[in-house]
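These notes concern the structure reproduced below.
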Amino acid sequence: MRILTLSTLFPNPVQPGLGVNVARQVGRIAGTDDMHPVVIAPLPRFPIPLLRSFGPAPYAGLASVPAERREGENQVEVHHPRYASVPKAGWRWHGEAVARAILPLARSLHDRQPFDLIACEYFFPDAWVAFRLSRALHLPYTVKARGSDIRYWRHRARARRQIVTAGRYAKGLLAVSMALKDDMAAMGLPRERIDVHHTGVDLDRFTPQAAPKAETPLLVCAGNLVPLKRVRLIIEALSALPEYRLQIIGDGPQCAALEALAAARGVADRTEFLGRIDHAELPARFAAAHALVHASESEGLANVWVEALACGTPVITTAVGGAADVVTRGAGVLLDPDTSPMEIARAVRSVTAGNANAEAARAAASRFSWDSNIEMLRDHYARVSGAAG
5 MRILTLSTLF PNPVQPGLGV NVARQVGRIA GTDDMHPVVI APLPRFPIPL LRSFGPAPYA
65 GLASVPAERR EGENQVEVHH PRYASVPKAG WRWHGEAVAR AILPLARSLH DRQPFDLIAC
125 EYFFPDAWVA FRLSRALHLP YTVKARGSDI RYWRHRARAR RQIVTAGRYA KGLLAVSMAL
185 KDDMAAMGLP RERIDVHHTG VDLDRFTPQA APKAETPLLV CAGNLVPLKR VRLIIEALSA
245 LPEYRLQIIG DGPQCAALEA LAAARGVADR TEFLGRIDHA ELPARFAAAH ALVHASESEG
305 LANVWVEALA CGTPVITTAV GGAADVVTRG AGVLLDPDTS PMEIARAVRS VTAGNANAEA
365 ARAAASRFSW DSNIEMLRDH YARVSGAAG
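This is the structure in structure tokens:
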């Protein structure tokens, strides 16, 4: 089965952290004997030629990304065609701009060796592009919703119209959680065509044996340091947990403000900002912690939930997105979405007092193995490719 994978979220040499979940999934697909993905991951280009190499963020530096390269252990073929875009304002035309930019490449690849389907890995603007490619190349397509592509873009009328139109013409739809499936159906997408397809985790790498538990109580938080993640609540909770240390993995625009908050709350000596670390380091970090704490306002299905659980580390998280799909009884605590520092502190005490345990955490994560993940995708793709016409 030849798969044209379309994703505006995909790692490249300048943005190695972009769409890593998509890249891991594609890499696993490429490791099978019967599925062969080719990735088109378009990149924005500032419309004024003289400014392309040093123009406005986030485009500066992208000119150095090669048009074609190989990705990962299985050497997946990846193409990076460029489309014209103006930062911030350009989103209104992204769907058409991307479709025009990649259609010649997609047609050439299809003529060289025909594809069986288009697998679209994000809803906006990717689904609209898949819709356009499907009509031009006479290929069925499927679209996967990952969270922000639905929960953010549904509030913008133009984006919402494109999402709904493309979703209704898709032969298959995927959502990373049951909650996201409900959101999609509420927008008018056909519920009967939406399959829930969770994230995958490498259970051989993310394991309780990755590192011994820290000798002193340790909490870990992982994610982008942006207001949506509400890391400030976790730092404030640390004031009520004097025997605990906190490691914060990730970076972002709030880093300096969060460091200042830790100092103001008198917990700077117990708060360690690790920055963005290599994915290979995460198993040891998660296994050493006594709990992963996550206070986000919104999520699709956070990989860090599943990865921490696989390491036998209970998860304390707000009950948003797919949290209820992941954090089962004994594996952690689901907080009210409008949580507070004191509620977080009480949950930490509850978990470390024995109301969650490593065995339940690991069992919760075992449902998310890559083997089961890819097997479901194989069945889904087979149905979609068989639905052509």
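Residue 266 in this note's numbering is what sits at position 262 of the sequence shown, and the numbering runs on without skipping anything. Glycine residues also receive a C-beta, built at the ideal position from the N, C-alpha and C atoms.
Nearest-angstrom Cβ-Cβ length linking residue i and residue j, presumed shorter than 8 Å
i, j, result
"L305", "I320", "Contact doesn't hold; Cβ gap of about 16 Å is too wide."
"R209", "P287", "5 Å"
"A291", "A335", "Not quite, the Cβ-Cβ distance comes to about 15 Å (not below 8 Å), so this is no contact."
"H98", "S89", "6 Å"
"H298", "C225", "7 Å"
"F14", "A45", "4 Å"
Close Cβ partners of residue i (< 8 Å) along its chain, the five nearest in sequence each way excluded
i, result
"V18", "G65, L66, S68 and V69"
"L137", "L8, L10, A103, I106, L107, A110, I122, L143 and Y145"
"G31", "E75, G76, E77, N78 and V80"
"V352", "L223, A241, L245, Y248, A295, V297 and I320"
"A2", "Residue numbering for the chain in the displayed model covers 5 to 393; residue 2 lies beyond these limits and cannot be assessed."
Three-state secondary structure (DSSP) of residue i
i, result
"L54", "Because L54 carries a pLDDT of 48, less than 50, the predicted location of this residue cannot be relied on, and no value is offered for it."
"R274", "helix"
"D206", "coil"
"P20", "coil"
"L286", "helix"
"P41", "strand"
"R269", "coil"
"A226", "strand"
"P46", "coil"
"L245", "coil"
"D255", "coil"
"L8", "strand"
"G31", "helix"
"I198", "strand"
"L66", "helix"
"L193", "coil"
"L184", "helix"
"L262", "helix"
Residues near residue i in its chain [Cβ-Cβ closer than 6 Å; skip 5 each side]
i, result
"E125", "S11, V26 and K148"
"Q79", "none"
"V407", "Any question about residue 407 goes unanswered here, given that the chain covers just 5 to 393."
"F135", "A170 and Y173"
"R197", "L177"
"R139", "none"
"T332", "A368"
"R394", "With the chain running from 5 to 393 in the structure shown, residue 394 is simply not present."
Same chain, Cβ closer than 7 Å to residue i, five either side skipped, listed in chain order
i, result
"R280", "G21, G254 and D255"
"V310", "T203, V205, V330, A369 and F372"
"V271", "I239, L242 and S243"
"R234", "A299, S300 and E301"
"Q29", "G204"
Status (buried if at least 16 other CB within 10 Å, exposed otherwise) for residue i
i, result
"L54", "Note that L54 scores a pLDDT of 48, beneath 50, so its modelled location is shaky; the value from the coordinates is reported in the next line. The residue in question, L54, is exposed, as its Cβ has fewer than 16 Cβ neighbours within 10 Å."
"D187", "buried"
"R172", "exposed"
"G358", "exposed"
"Y156", "exposed"
"D38", "exposed"
"R86", "buried"
"H114", "buried"
"T343", "buried"
"H384", "buried"
"S300", "buried"
"E219", "exposed"
"S112", "exposed"
"S389", "buried"
"R3", "Here the chain has residues from 5 to 393 only, and residue 3 is not among them."
Residue i beta carbon near the ligand SAH (any heavy atom closer than 7 Å)
i, result
"S300", "Annotation note on the ligand SAH: not contained in the displayed structure, which lists no ligands."
Min CB distance residue i to chain B below 8 Å
i, result
"R28", "No chain B is part of this structure, which consists of one protein chain only."
Tell me the start and end of each unbroken alpha helix (DSSP H) in the segment 336 to 393 that is at least 4 residues and wholly inside, in chain order. Counting only runs that start and end inside the segment 336 to 393, the alpha helix (DSSP H) elements of at least 4 residues fall at 345 to 354, 362 to 369 and 374 to 389.
What alpha helix (DSSP H) runs, 4 residues minimum, are completely inside the segment 288 to 326? You should have 307 to 314.
Which complete beta strand (DSSP E) runs does the segment 73 to 156 hold, if anything under 3 residues is left out? Runs found: 80 to 83, 86 to 88, 121 to 124 and 145 to 149.
Which ranges would you report for the beta strand (DSSP E) in the segment 156 to 182 if only whole runs of at least 3 residues count? Segments of the beta strand (DSSP E) lying fully in the segment 156 to 182: 176 to 179.
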